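Report on the structure given below.
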Amino acid sequence: MRTVVYLLMCLSTALGLGFGLSYMALVDRGLFGSFTLGPWVAWTGAGSPEPDPYTRAYVSRSGALQLARAEGIRFVASRDSAGQELDRSCTYRIDGNTPVSSFWTLFAVDRAFRLISREGTALAMNSQRLARTNEGTALVRVGPDLGADNWLEITGEGDFRLVLTLYDSSVFSGFGALVEVLPTILREAC
C-alpha cells in the first residue's frame, strides 16, 4: 500500500511540474524562445522557417498571424515599465524611440487579441500619423478618455495588451542590429 501511495505522489508531482512548466513557457513572457526588453516581449523565432517547439506552441496558442523575419517583428506588452499589469481604466504614456523600421503600428488588444479601440476612433497609432515631440521621440497616450497629443482611446474593463509591430526592420536580422531601446510604458493616472 505504501508503494502505491509513493507512486501516486511521484506521478502527481511529475505531472504537475511538467504541465506547470509547459504553461509558464507559453505565456506572454515565455521561458524559452522569447526576447524581453523592459515590458516588451517578442517571440523571435515566430517568423523563421524552423521555429523551436516552444515558439510553435505559442503561435498556435495565440492564433495571431505572425510576420516572417524579413517582414518585421511584433512586440507585446502586458505590463507597464514598473511591472504592473496594464489596466483599461488607467491612462498610460508610451514615450521614447522605436528601432529603425520603415513603418510601425501600435494598437491595444484584450487577452484574446481582439481590438479594444473605442468605436469611431483610430484603431491604431502608426509612424505616419504621429506628431513627434521637440526631441524627435514618439509620445502616445493610451486610455479610456480622449486627451491632447497622440491618443489611442480604448474601451472596456480589465487588463489589456499593447502590440508594437515594426515592419521592414533590421531588428534580429543577423547584421549586428540589436534592439537597444523600445518605448517606456508609464502609468499616468487611474
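If you're matching positions, the sequence shown starts at 26 in this note's numbering and goes up one per residue.
Glycine included, C-beta positions come from ideal geometry on N, C-alpha and C.
The structure displayed is predicted, hence computed values, not measured ones.
Mapping the DSSP letters down to three states, classify residue i as helix, strand or coil.
{"i": "VAL188", "result": "strand"}
{"i": "PHE44", "result": "helix"}
{"i": "VAL30", "result": "helix"}
{"i": "ASN159", "result": "coil"}
{"i": "GLY201", "result": "The pLDDT assigned to GLY201 is 40, lower than 50, so where the model puts this residue is not dependable; a value taken from the coordinates is nonetheless given after this. Looking at GLY201 - three-state DSSP - the assignment turns out to be coil, as it is neither helix nor strand."}
Would residue i pass as a contact of residue j if the rule is Cβ separation under 9 Å?
{"i": "ASP184", "j": "ARG136", "result": "yes"}
{"i": "ARG186", "j": "ALA102", "result": "yes"}
{"i": "THR116", "j": "LEU191", "result": "no"}
{"i": "ASN151", "j": "THR130", "result": "yes"}
{"i": "ARG212", "j": "PRO169", "result": "no"}
{"i": "ALA146", "j": "LEU164", "result": "For the sequence presented, residue 146 should be read as Thr rather than Ala. It is not a contact, given that the beta carbons lie outside the stated cut-off."}
{"i": "ALA149", "j": "ASN175", "result": "no"}
{"i": "LEU62", "j": "ALA133", "result": "no"}
{"i": "ILE98", "j": "ARG166", "result": "no"}
{"i": "PHE44", "j": "VAL66", "result": "no"}
{"i": "PRO208", "j": "GLY121", "result": "yes"}
{"i": "ILE210", "j": "LEU140", "result": "no"}
{"i": "ASP193", "j": "SER142", "result": "no"}
Could you give the residue range of the beta strand (DSSP E) that holds residue i?
{"i": "SER142", "result": "Run containing SER142: none; DSSP gives neither H nor E here."}
{"i": "SER127", "result": "126-134"}
{"i": "GLY168", "result": "163-168"}
{"i": "ARG212", "result": "209-214"}
Checking the sheet assignment: what are the DSSP bridge partners for residue i?
{"i": "ASN175", "result": "VAL165"}
{"i": "VAL66", "result": "THR61 and VAL101"}
{"i": "ALA39", "result": "DSSP lists no partner for ALA39."}
Would you please verify whether the beta carbon of residue i is less than 9 Å from any beta carbon of chain C?
{"i": "GLU144", "result": "Among the chains of the structure shown, chain C does not appear; only one protein chain is present."}
> For the region 95-123, which segments carrying the beta strand (DSSP E) assignment without a break, of at least 3 residues, lie completely within its bounds, in sequence order?
Replying inline: 97-102 and 116-121
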